[in-house]
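Student: The numbering used here numbers the first residue of the sequence shown as 4 and each following residue consecutively. In this text, a Cβ means the ideal position worked out from N, Cα and C, and glycines have one as well. Have a look at this one before I ask anything.
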Amino acid sequence: MSVQFRSHQGVEILYIDYSNAKSQPEMINILLEAEQIYLKSSSKIRSLSNMTGVFIGLDLANEMKRMAPGVFREKGLKSAIIGIDDLKAILIKSFNSMHPYSQLEICADEKEALAYLIG
């Protein structure tokens with residue numbers, strides 16, 4: 004399953020795994036699945052996105068921008084992202100600057116991301 008809650012030290016974290024996605028449409032479907040979980044949640048969500056080995060295309064970036072004000076701002080508590088190379092980091096930093104209420108914390112690995120999310 005690409006989108007699921009995991010418990011880490013008693014804290015629920017929504018794990019969004021793009022790492023096995025083979026195409027942009029598949030990545031968008033994963034994002035839309037996560038969006039439904041955010042929208043149904045009665046509380047704010049901590050999330051960890053794994054982008055290892057995938058390409059962030061314009062269609063995915065546009066979906067993220069669409070979701071930022073209504074989903075991430077309203078339902079997000081903390082978000083971390085792993086699997087980010089230099090090019091992806093530029094895109095994420097640009098997204099963060101356009102949507103300061105939807106900050107994605109770029110982390111070196113899952114251990115660092117989990118420490119950020121529960122800290």
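Taking the Cβ atom as the reference point for each residue, do M54 and I87 lie within a distance shorter than 8 Å?
Tutor: yes
Student: Contact defined as beta carbons within less than 8 Å: I believe L63 pairs with L34. What is the distance between those atoms, to the nearest angstrom?
Tutor: 7 Å
Student: Spatial neighbours of K91 within its chain, please: CB distance less than 7 Å, with the 5 preceding and 5 following residues excluded, ordered by chain position.
Tutor: The residues are M54 and I59.
Student: Can you tell me whether I121 is buried or exposed? The criterion is at least 16 other CB atoms within 10 Å of its CB, across all chains shown.
Tutor: exposed
Student: Residues in its own chain within less than 8 Å of V74 by CB, not counting five upstream and five downstream?
Tutor: E38, Y41 and L42
Student: Is it buried or exposed, A116, if we count other Cβ atoms within 10 angstroms and call 16 or more buried?
Tutor: buried
Student: Report the three-state DSSP secondary structure of F75 (helix, strand or coil).
Tutor: helix
Student: Where does Y21 sit, in a helix, a strand or coil, going by DSSP?
Tutor: coil
Student: Would you kindly report the start and end of the unbroken alpha helix (DSSP H) that includes I31?
Tutor: Q27 to K43
Student: By how many angstroms is the C-alpha of Q106 removed from the C-alpha of D20?
Tutor: C-alpha separation (whole angstroms): 18 Å.
Student: From what residue to what residue does the beta strand (DSSP E) around V48 run?
Tutor: It should be pointed out that residue 48 corresponds to Ile in this sequence rather than to Val. Taken as a continuous stretch (DSSP letters only), the beta strand (DSSP E) holding I48 covers I48 to N53.
Student: Between the Cα of S46 and those of Q12, G79 and F98, spot the shortest distance and give me the residue it belongs to.
Tutor: G79
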